[in-house]
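With the sequence shown counted from 1, adding 9 to any position gets you this note's numbering.
Beta carbons: idealized from backbone N, C-alpha and C, even for Gly.
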Amino acid sequence: MGCHGKTWMGAKFVPKGAKQPQNTQLQEEAAERPLWGGRRCLFQSQVSSGAENEYFEQKARKCPSCPSPILPTCSENGIGFREKCFYFVQNETNWNESQSFCLSLGAQLATIDSQEDLSFLLRYGRPLHYWVGLHQEGSDPWRWCNGSLFNNRFDIQGNGQCAYIDLDGVSSDWCSQQKYLVCSHPLKSPRGA
10 MGCHGKTWMG
20 AKFVPKGAKQ
30 PQNTQLQEEA
40 AERPLWGGRR
50 CLFQSQVSSG
60 AENEYFEQKA
70 RKCPSCPSPI
80 LPTCSENGIG
90 FREKCFYFVQ
100 NETNWNESQS
110 FCLSLGAQLA
120 TIDSQEDLSF
130 LLRYGRPLHY
140 WVGLHQEGSD
150 PWRWCNGSLF
160 NNRFDIQGNG
170 QCAYIDLDGV
180 SSDWCSQQKY
190 LVCSHPLKSP
200 RGA
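Structure representation (structure tokens):
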């Protein structure tokens with residue numbers, strides 16, 4: 010069968026805003042889980058008409074099958090979001106020990122590349138405090154564990170040298186303080202694909 014086991018008659022691509030033929034209904038079948046590349050099966054069916062239409066008398070064809078891609082995955086206990094795996098660890102350690110722990114997982118303390126990343130971390134991390142990979146040495150600029158400079162996409166509250174997330178967003182504290190941690194690494198393809 011095709012997508013969702015539906016058969017279709019005269020499936021075709023219809024540009025957004027195009028007019029539908031009279032006495033027809035165009036429906037989009039959403040997948041139970043997102044399909045690779047956002048592919049969808051569209052089908053056109055006759056709603057009601059007394060007249061026969063050769064177009065609809067054609068033998069029903071199967072909806073084109075959507076390929077099953079090898080999707081990137083996170084290891085056990087990881088949460089995939091966008092192009093990363095995140096690991097929320099509820100074991101209190103200081104910032105340096107937290108980074109060492111993340112490195113032992115093949116990750117680093119989490120890097121926040123976008124507002125979406127920050128929203129995700131705040132949603133999953135609340136109401137606890139989690140170290141992230143942002144830190145500064147003395148009065149030097151803030152840097153991520155990977156060495157890249159902080160781009161000021163969000164404010165950092167507090168006067169510490171190491172950053173963490175809490176209910177209010179991103180704050181800073183002394184790196185010697187004990188907090189939970191969140192690690193991240195890019196999504197990895199299974200079987201080296």
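- request: May I ask you to verify whether the region 187-194 touches the region 146-153, counting CB pairs closer than 8 Å and requiring at least 3?
  value: no
message: Do residue 156 and residue 193 have their beta-carbon atoms positioned less than 9 Å apart in this structure?
response: Taking the first residue of the sequence shown as 1, we reach residue 193 at position 184. Taking the first residue of the sequence shown as 1, we reach residue 156 at position 147. Their beta carbons are not under 9 Å apart, which means residue 193 does not touch residue 156 by this criterion.
field: Rounded C-alpha distance that separates residue 101 from residue 180
entry: Translated into the one-based positions of the sequence shown, residue 101 becomes position 92. Translated into the one-based positions of the sequence shown, residue 180 becomes position 171. Cα to Cα, the separation comes out at about 17 Å.
query: What residue range is occupied by the uninterrupted alpha helix (DSSP H) comprising residue 131?
result: What you label residue 131 is simply residue 122 of the sequence shown in a count that begins at 1. It spans 124-134 - the alpha helix (DSSP H) in which residue 131 sits, taken as one unbroken run.
- prompt: Pick from 133, 120, 91 and 84: whose alpha carbon is nearest that of residue 163?
  reply: On the sequence shown, position 154 is the one that residue 163 refers to. The shortest Cα separation from residue 163 among 133, 120, 91 and 84 belongs to 120.
message: Just to confirm my understanding: we take residue 90, look at its own chain, exclude 5 residues before and 5 after, and list those with CB closer than 7 Å. What are they?
response: Within the sequence shown, residue 90 is the residue found at index 81, counting from 1. Result list for residue 90: 129, in chain order.
message: Measuring only the C-alpha atoms, how far is residue 29 from residue 87?
response: Working through the sequence shown from its first residue, we reach residue 29 at position 20. Working through the sequence shown from its first residue, we reach residue 87 at position 78. Summary for residue 29: the model assigns pLDDT 49, below 50, so the residue's position carries little reliability; its value from the coordinates is reported in the next sentence. Going by the C-alpha atoms only, they are around 45 Å apart.
task: Label residue 178 either buried or exposed according to how many other C-beta atoms from any shown protein chain fall within 10 Å of its C-beta, with 16 as the threshold for buried.
output: To locate residue 178, count along the sequence shown from 1; it is residue 169. Exposed.
field: C-alpha distance - residue 165 paired with residue 85, whole-angstrom precision
entry: The residue labelled residue 165 in the question sits at position 156 within the sequence shown. The residue labelled residue 85 in the question sits at position 76 within the sequence shown. Whole-angstrom Cα-Cα distance: 31 Å.
message: Quick check for students: name the residue ranges of the beta strand (DSSP E) that lie wholly in the region 82-121, counting only runs of 3 or more.
response: 88-90 and 93-102
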